[in-house]
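Count the sequence shown with this note's numbering and you get residues 108 to 244, in order. Glycine residues also receive a C-beta, built at the ideal position from the N, C-alpha and C atoms. To start, the structure under review is shown below, and the notes come after it.
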Amino acid sequence: MHPHEIPPGVQEVILPSGERALAYSTGPTTPPPPPAPTAPAAQPIPAWAKTTALLAPTVGGGIAVAAVGLSAAAPGLVAVSHALWSAVAAIAAGGIAAAVVIGRVRARITAAQRPHITQHITATGLFGRANGTINHR
């Protein structure tokens, strides 16, 4: 057969024994052409990206200045923290002492003035009316 007589989808192959034979192809006979390269379209930069890009050096600079200030003030901050802990301990001790003193004074005052109240309630029958007396001493 001449090459122009071979139907589409059939190709001529050479077998390992050297014979030529016709075979159906199972895949595309020619590779598909590569896609044409396209230039990427320019897109505008979003406003949030611009704002972030402008703020990043400012925030970084502020953090750097704060770090330098803290390192210079470190000895003073240590002294202030010790003074604050001492003040907290003194306030806590004073509060506990005040609570104990107030509790003892209140107990003495109320022990002398505490009224003794008793109630006597009686009722007859399952659905009877209850009568009672209250005594204050």
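- Can you give the Cα-Cα distance for Leu129 and His111, rounded to whole angstroms? 13 Å
- Task: Report the rounded CA-to-CA distance for Ile216 versus Val187, giving the unit in angstroms.
- Result: 43 Å
- Message: Determine whether the beta carbon atoms of His243 and Ile224 lie at a separation below 9 Å.
- Response: yes
- Message: Rounded to the nearest angstrom, what separates His109 and Pro144 at their Cα positions?
- Response: Between the alpha carbons of His109 and Pro144 lies a gap of roughly 38 Å.
- Item | Nearest residue (CA-CA) to Ile241, options Leu122, Gln226 and Ile203 | Gln226
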